[in-house]
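Heads up: the sequence lines are chains B and A, in that order. Throughout the first sequence, residue numbering follows our numbering, covering 1 to 118 in sequence. Throughout the second sequence, residue numbering follows our numbering, covering 1001 to 1115 in sequence. Accompanying notes for the structure given below.
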Amino acid sequence: AQTVTQSQPEMSVQEAETVTLSCTYDTSESDYYLFWYKQPPSRQMILVIRQEAYKQQNATENRFSVNFQKAAKSFSLKISDSQLGDAAMYFCAYRSTRSQGGSEKLVFGKGTKLTVNP
Amino acid sequence: NAGVTQTPKFRVLKTGQSMTLLCAQDMNHEYMYWYRQDPGMGLRLIHYSVGEGTTAKGEVPDGYNVSRLKKQNFLLGLESAAPSQTSVYFCASKLRWLAGVNEQFFGPGTRLTVL
């Protein structure tokens, strides 16, 4: 079974600085999808960025970018020019491209709490 | 478009009581999911459904039942609540995967406390 590990329970960053959140995963599959979700204090889960494993190019979405290292099974999230509104829990998630009994389920890491200091 | 909605947002139960959480989506998604989120544990899949009239067990199904009588609704039931079921419950939905990535859309969550 696939597992997702986020080794940093908490991180902090100064406003306008850059921070990187780590995520590693374990899988025997060659094709899959990876996601970063943000959960602010409102509890709403918001998709930040996604990466298809077959794509070598790292995904970017405005101030958010990933460093996808397939061989190392690493998928880190970089937040540039951090803003107070970036303060949240961040979850890394994995999804297989295989049917998995039809679930197409997400496997989540335990999350990293990001604090942004003014 | 309301997206994914959950009812209620908060609930307090006594041990042994029963209740049903309702999830509704207006995006015509085939797949629906129920997760629970506990501190330090991330989100864990309870049950899921790949279409109207079908349900299946996820990672932590014990103590819960589900039903999907209509495509837009996915109900999560607790027949006899236990303190271990104190958690935040999230519903999510997505399109059936065809090509490309179909993200899961989440509801706002239900905070359930069992005393």
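Where a beta carbon is used, it is the ideal one built from N, C-alpha and C, also for glycine.
List the endpoints of the continuous beta strand (DSSP E) containing A/K1057. Residues T1054 to K1057.
Would you grab the beta carbon distance between A/T1113 and A/G1077 for me? Rounded to a whole angstrom, and I think it's under 8 Å. Their Cβ separation, rounded to whole angstroms, is 17 Å, which puts A/T1113 and A/G1077 out of contact at 8 Å.
Leaving out five residues before and five after B/T20 in sequence, what residues of the same chain have Cβ atoms less than 6 Å from its Cβ? S76 and K78
Per-residue contacts from B/E15 into chain A (C-beta, under 8 Å): Annotation: B/E15 has no Cβ neighbours in chain A at a cutoff of 8 Å; minimum Cβ distance is about 27 Å.
Residue closest to B/T60, alpha-carbon to alpha-carbon, out of B/Q44, B/S42, B/T112 and B/W36: B/W36
Determine which residues share a DSSP beta bridge with A/S1018 and list them. According to DSSP, residue pairing for A/S1018 in a beta bridge does not occur.
Quick one: residues in its chain with C-beta nearer than 7 Å to the C-beta of A/F1090, no 5 flanking neighbours on either side, listed in chain order? Closer than 7 Å at the Cβ level, and outside the excluded window around A/F1090, lie Y1035, Q1037, L1043, F1106, G1107 and G1109.
Using DSSP with H/G/I as helix, E/B as strand and the rest coil, what is B/L47? Here B/L47 sits in strand by DSSP.
If you drop the 5 nearest sequence neighbours on each side, which residues of the same chain put their C-beta closer than 7 Å to that of B/V4? Here the set comprises C23, Y25, C92, A93, Y94, V107, F108 and G109.
Would you call B/E104 buried or exposed, if buried means 16 or more other Cβ atoms sit within 10 Å of its Cβ? buried
Roughly how many angstroms lie between the CA atoms of A/V1060 and A/S1084, to the nearest whole one? 12 Å
B/V116 and B/E29 look like a contact to me (Cβ under 8 Å); what is the Cβ gap, rounded to whole Å? About 35 Å separates the two Cβ atoms, so there is no contact after all.
Any C-beta of chain A under 9 Å from that of B/K110: yes
Quick check: the Cα distance between B/G55 and B/Y90, rounded to an integer number of angstroms? What sits at residue 55 of chain B in the sequence shown is Lys, not Gly. C-alpha of B/K55 to C-alpha of B/Y90: approximately 23 Å in a straight line.
In terms of DSSP beta bridges, what is A/C1023 paired with? In DSSP, A/C1023 forms a bridge with A/Q1006 and A/F1074.
Between which two residues does the beta strand (DSSP E) holding B/D26 run? T24 to D26
Between A/E1052 and chain B, is any beta-carbon pair separated by less than 9 Å? The C-beta of A/E1052 comes no closer than 9 Å to any C-beta of chain B.
Option in A/I1046, A/M1032 and A/Q1017 with minimal Cα separation from A/K1071: Shortest Cα-Cα distance from A/K1071 to any of A/I1046, A/M1032 and A/Q1017 involves A/M1032.
Should B/Q83 be labelled buried (16 or more other beta-carbon atoms within 10 Å of its own) or exposed? By the 10 Å Cβ count, B/Q83 comes out exposed.
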